[in-house]
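Following the numbering used here, the numbering of the sequence shown begins with 59 at its first residue and continues without gaps. Using N, Cα and C, we set each Cβ at its ideal position, and we do this for glycine too. Keep in mind that this is a model prediction, so the values were computed, not measured. Notes follow the structure.
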Amino acid sequence: MTSLDQNQITMFGAEWCRDCRRTKAQLDELGVAYTYIDLEAEPAAADVAKDISGRTNIPVVVYPDSSHHVEPSNADVESKLRELSLI
């Protein structure tokens with residue numbers, strides 16, 4: 059079972075997903091620590107992501123304040139990271 063670290067960003071995604079690759083690259087470029095859960099390697103984690111978001115879309119990005127984004131734009135992610143003082 060996948061567990062979330064409440065003190066860190068968790069991103070559920072897959073390599074075939076263009077939005078996942080874009081969001082992952084953004085987090086990497088900003089130097090933000092996060093846990094990446096590869097849904098191809100851990101298919102059961104898709105249920106966890108769906109439970110969080112209520113949707114089957116990815117990526118699902120879960121923030122330390124327990125809020126989340128589904129298929130966020132780079133602006134959405136940047137805004138949330140600034141709100142949490144992570145960048």
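Contact between G71 and L97 holds, since their C-beta atoms are separated by about 7 Å, short of 8 Å. Taking C-beta separations shorter than 8 Å and ignoring five residues to either side along the sequence, the partners of M69 in its chain run C78, T81, K82, L85, Y92, T93, Y94, I95, P117, V118, V119, V120, following chain order.
Burial state of S131 is exposed, judged by a 10 Å Cβ sphere holding fewer than 16 other Cβ atoms. Around the beta carbon of A107, 16 or more other beta carbons sit within 10 angstroms, so the residue counts as buried. Counting the other CB atoms within 10 Å of its CB gives S125 a total below 16, which places it among the exposed residues. Annotation: V135 to D123 spans about 14 Å, alpha carbon to alpha carbon. In this structure, DSSP gives D96 an extended state, which the three-state scheme calls strand. Assigned with DSSP and collapsed to three states, T68 falls in strand.
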